[in-house]
Amino acid sequence: MKSGLLKSLVMAGLLSLGLLPPFFEKDVLLSLEPSLHSERKNIGRFESAQGDVRRRSAGTLIWLPVESGSAVYDRDMIYTGGGSEARVQLVSQNRLRIRPDSLVRVQDFQTKDAVSIKQGGLKAEKGPGGKPMEMNSTQGSKRIELDRETVDSEEAFPPAQMELVQRWEDADRSIGKPIRAAPKAEEQATLQNPVSNERLWVIMVFYVLALGVVAIDAIRNRSSI
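In this text, residue positions in the sequence shown follow my numbering: the first is 9, and each later residue adds one.
Here it is as structure tokens:
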């Protein structure tokens, strides 16, 4: 019985390893993009994406790589890694320059553009005749309206007003250096290191493995009746 179960596990695992990797190749993921966004509102595009820049659509788990010219959709979460930067131009002509190590959500409302800063910072620039912009920082629980041509989140949300924490830095380096407040529990999984496609691939392997074992056992039970 144990040897039969082990054989089933090995067969299901090999099948999973053979079928799943191509699905998570960059080109395949990008080819799925139109279907992922078929019902979403296009609110802008990436003018440039330098380094590790990724985007996750609302209601999905996959972080897609971003290139210059890629579209931005309503409620997209945008991530920039260390030493990376993204410049976004919205349909309203407003612009965003997202700094390294940042995580922001962009939303489009009928009367305004809204940017929610989960981590890091950005510089927002109002375009000529563009819609009003609203910048919200969950780190400081503050909200401001952009009433100038250019607003820097570092100025709008001074680090000194944030809670001192030692979450992301060693204690000796945190002393006397204001850094961002700890994120809300529901956001912790996506901060600093968003779920990579490789990690999702591993999860899917085990998922298909389990399905294979269940299917094989069901066939065996039926044949033994």
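Positions of the beta carbon are idealized from the N, C-alpha and C atoms, including for glycine. Predicted, not measured: the structure shown is a model, and the values here were computed from it.
Which residues does DSSP list as the beta-bridge partners of residue i?
{"i": "residue 140", "result": "Beta-bridge pairing links residue 140 to no other residue."}
{"i": "residue 108", "result": "Answer is none; residue 108 lacks a bridge partner."}
{"i": "residue 86", "result": "63 and 112"}
{"i": "residue 56", "result": "95"}
{"i": "residue 50", "result": "81"}
{"i": "residue 103", "result": "97 and 133"}
Measure the beta-carbon distance from residue i to residue j and round it to whole angstroms, keeping in mind my assumption that it falls under 8 angstroms.
{"i": "residue 104", "j": "residue 72", "result": "In fact, because the Cβ distance is near 18 angstroms, the residues do not count as touching under 8 angstroms."}
{"i": "residue 128", "j": "residue 107", "result": "5 angstroms"}
{"i": "residue 125", "j": "residue 112", "result": "5 angstroms"}
Spatial neighbours of residue i within its chain, please: CB distance less than 6 angstroms, with the 5 preceding and 5 following residues excluded, ordered by chain position.
{"i": "residue 64", "result": "71 and 85"}
{"i": "residue 55", "result": "95 and 97"}
{"i": "residue 140", "result": "120"}
{"i": "residue 61", "result": "74, 88, 92 and 94"}
Could you tell me the boundaries of the beta strand (DSSP E) in which residue i lies?
{"i": "residue 74", "result": "Element bounds for residue 74: n/a, residue is neither H nor E."}
{"i": "residue 127", "result": "121–127"}
{"i": "residue 131", "result": "130–133"}
Measuring alpha carbon to alpha carbon, tell me which residue in the options is nearest residue i.
{"i": "residue 79", "options": "90, 89 and 99", "result": "99"}
{"i": "residue 52", "options": "221, 145, 125 and 135", "result": "135"}
{"i": "residue 132", "options": "102, 118 and 67", "result": "102"}
{"i": "residue 68", "options": "83, 58, 76 and 114", "result": "83"}
Within the same chain, show all residues whose beta-carbon is closer than 8 angstroms to that of residue i, passing over the 5 residues directly before and after it, in chain order.
{"i": "residue 149", "result": "Legend: pLDDT at residue 149 = 46, less than 50; position of this residue unreliable, value from coordinates given subsequently. Excluding residues within five positions, none has a Cβ falling inside 8 angstroms."}
{"i": "residue 76", "result": "54, 55, 56 and 57"}
{"i": "residue 227", "result": "none"}
{"i": "residue 118", "result": "none"}
Identify, in the order they occur along the chain, each residue of the same chain with its Cβ nearer than 7 angstroms to the Cβ of residue i, setting aside the five sequence neighbours on each side.
{"i": "residue 81", "result": "45, 48, 49, 50, 51 and 65"}
{"i": "residue 138", "result": "100, 101 and 102"}
{"i": "residue 116", "result": "49, 51 and 82"}
{"i": "residue 8", "result": "The structure shown does not extend to residue 8, since the chain spans only 9 to 233, so no value can be given for it."}
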